[in-house]
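These notes concern the structure reproduced below.
2 protein chains.
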Amino acid sequence: MDRFPELTIGEVARRAGVATSSIRYYERIGLLPKPERAGGQRRYDAEVLGKLGFIGVAQSAGFKLREIKELIDGADGLGAPMRSLSSQKLGEVEALLERTKAMKGWLEVAQECGCATPAECALFPGPGAEQAGAEMLRVVQVAGKDCRRSPAG
Amino acid sequence: MDRFPELTIGEVARRAGVATSSIRYYERIGLLPKPERAGGQRRYDAEVLGKLGFIGVAQSAGFKLREIKELIDGADGLGAPMRSLSSQKLGEVEALLERTKAMKGWLEVAQECGCATPAECALFPGPGAEQAGAEMLRVVQVAGKDCRRSPAG
DNA sequence: ATGGCCCTTGAAGCGCGGTTCAAGTCAAGG
DNA sequence: CCTTGACTTGAACCGCGCTTCAAGGGCCAT
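This is the structure in structure tokens:
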């Protein structure tokens, strides 16, 4: 159950799919705890693999390493601090989700785009598009697979 | 129809919600074209607002400015190059979408989390979680609103 | 003990996406 | 004329997330 630490940094790096330099960097900034050592060399137990995976997902969802650190540190006092941090982040992640969906829709329409010039293509925000983000959402929802702009609309 | 350029960089910045320094930076790297000038000062027409909005959305969906530039440049030759670029990016955006959804689910569970320690909480990858990303997806789908890990599972 | 391989450190460098700064220009208003 | 305010430039700087480098240490097999 309590497996003693046996992984070198190189093995951890291979198994987690990150660079050794990143692992040392994470340790420097306090994101990973300082592991035990054997003859000066770091020895990890398997637990660190889960942590690295978690870091990867959180990172890809737009969390900065500092925020991930807060998240992990805050976990020791699960509860209030954890909840406030996560509730704040939840809003950001939801916004990211919307924008990512919009971009996905845009790209899907772009796949089928047969327009000759940007001017006739609804994929590219025309003049007067104050909030192109909102326009992209609309365009993508309305356009279906046809991105042709109504000629003189 | 063809409104003449009348917006200063400051007005554009205010209306698009970006810094003037960013606009100049975008121009430096070729992301925005060099606008006309009046007495040395940049004068934009409203079209640039749409472009800036587009840049913002694309950026938030994980596109680098270089890629956005390719996307915009490629638009002049809509068609093949556009499609290959967008199809490549589509995969990345879909992956991002999945990870973001996973993170959102994680955060939602975290909101309700009543665990006292990370050890008993399914939100934190345990030892042996080789691929914590996959585990997060599973945890989030399975957990509902209860993140308590089965005691000796 | 020699070679090979993985590990160690601190410091420097890099790519990105900007911001900030100093010094100067321009047009309008009092 | 003089100030005010927004603009101009190039260069330097910044935070982030690393990577690379130089110089060296530990351990193992041959």
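Protein chains in written order, with this note's numbering: chain A, 1 to 153; chain B, 154 to 306.
Positions of the beta carbon are idealized from the N, C-alpha and C atoms, including for glycine.
Select from the options the residue whose C-alpha is nearest the C-alpha of residue i.
i	options	result
Leu90 of chain A	A:Cys115, A:Val109, A:Gly62	A:Gly62
Leu224 of chain B	A:Ala13, A:Leu123, A:Arg148	A:Leu123
Glu47 of chain A	A:Gly74, A:Arg14, A:Leu7, A:Gly17	A:Leu7
Ala95 of chain A	B:Asp299, B:Leu218, B:Thr253	B:Thr253
Arg83 of chain A	B:Ile208, B:Arg219, B:Val262	B:Val262
Arg219 of chain B	B:Arg195, B:Leu185, B:Arg301	B:Leu185
Glu120 of chain A	A:Ser60, A:Cys147, A:Leu97	A:Cys147
Leu97 of chain A	A:Arg37, A:Ser60, A:Ile29, A:Gly30	A:Ser60
Lys257 of chain B	A:Lys104, A:Glu92, A:Arg37	A:Glu92
Arg168 of chain B	B:Arg190, B:Glu189, B:Lys204	B:Lys204
Do you know how far the Cα of residue j is from the Cα of residue i?
i	j	result
Ile9 of chain A	Val57 of chain A	20 Å
Ser239 of chain B	Ser86 of chain A	33 Å
Asp198 of chain B	Glu180 of chain B	15 Å
Glu265 of chain B	Gly192 of chain B	60 Å
Trp106 of chain A	Gly17 of chain A	31 Å
Lys187 of chain B	Thr173 of chain B	14 Å
Gln241 of chain B	Lys217 of chain B	14 Å
Leu202 of chain B	Gly183 of chain B	16 Å
Gly74 of chain A	Ser22 of chain A	22 Å
Using the Cβ count rule (16 or more neighbours within 10 Å means buried), how would you classify residue i?
i	result
Gly206 of chain B	buried
Ala255 of chain B	buried
Arg42 of chain A	buried
Cβ of residue i less than 9 Å from any chain A Cβ?
i	result
Gly306 of chain B	Here the model assigns Gly306 of chain B a pLDDT of 38, short of 50, so the residue's position is not dependable and the matter cannot be decided.
Gly203 of chain B	yes
Ala220 of chain B	First, the amino acid is wrong: residue 220 of chain B is Glu here, not Ala. False, the Cβ-Cβ gap to chain A never drops below 9 Å.
Ala166 of chain B	no
Leu185 of chain B	no
Val246 of chain B	yes
Ala172 of chain B	no
Lys257 of chain B	yes
Nearest chain B C-beta to residue i closer than 9 Å, yes or no?
i	result
Leu107 of chain A	yes
Arg43 of chain A	no
Ser87 of chain A	yes
Arg148 of chain A	no
Within the region 34-62 of chain A, note down every full beta strand (DSSP E) run reaching 3 residues or more, in order along the chain.
-> Runs of the beta strand (DSSP E) lying entirely within the region 34-62 of chain A, each at least 3 residues long, are 36-38, 41-43 in chain order.
What alpha helix (DSSP H) runs, 4 residues minimum, are completely inside the region 154-178 of chain B?
-> Runs found: 162-169.
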